[in-house]
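The structure under discussion appears below in the form of structure tokens.
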Amino acid sequence: MINDRVIPDRVIRTVLPAEVADVVALHARARATYYPDGVPQDGTDWSASWHSALTRPDGRVLCVVEAGRIIGLASFRVPEDGPADTVKLFQFHVDPDHWRRGTGSALHAACVEEWQADGRRAAVLDVHVDNLRAQGFYRRQGWVPEPAGPGDHHLRMRFDLPGE
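Here it is in structure tokens:
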């Protein structure tokens, strides 16, 4: 389990429930970049949703902190309807002001380390079909599209964790 991972000028650690407002703000900034018509207002209470993710005993939310500010985050857990050896990456965001600086790659590496330590063999995620930048990032990290996905404007991708 990752306690704190220090990267020059950055720390990767578990998000604290008291940081939910910072997480919601980062989530909104990141999502705004891939919705061509603006972020849908579907009535989701993102503060409550993120608080739930942060306090779930079976989930993890990691963040990248730079200069005292959260600039990246990843939320994952084994889904209720999934195999025990597969984790689902529910959210993965980097502040747009910090793209292409290694933040996402470092956060992804921390997730993989965590998944391996937990004995997971694979990970899955659903990425918005219009988020081509994220799809490219995931492909560079080793994720591959799955033939059958959830539909609903998302592409399902899979990552097989490196073996021992």
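So in full-length UniProt numbering the end of the sequence shown lands on 164, straight run, no missing numbers. The beta carbon of each residue, even a glycine, is placed where N, CA and C say it ideally should be.
With fewer than 16 neighbouring CB atoms inside 10 Å of its own CB, T55 falls in the exposed class. Unbroken beta strand (DSSP E) runs of no fewer than 3 residues, entirely contained in the UniProt domain "N-acetyltransferase" (10–162), are found at 10–14, 59–66, 69–77, 86–94, 122–128, 154–160, following chain order. Scanning its chain for C-beta atoms nearer than 8 Å, with the 5 sequence neighbours on each side dropped, one finds around S47 the residues V20, A21, V24, in chain order. The beta carbon of T33 sits closer than 6 Å to the beta carbons of P96 from its chain, once the five residues preceding and following it are set aside; these are given in chain order.
Note that the C-beta distance between V87 and W50 is not below 8 Å. Here the alpha carbon of P17 sits roughly 29 Å from the alpha carbon of R133.
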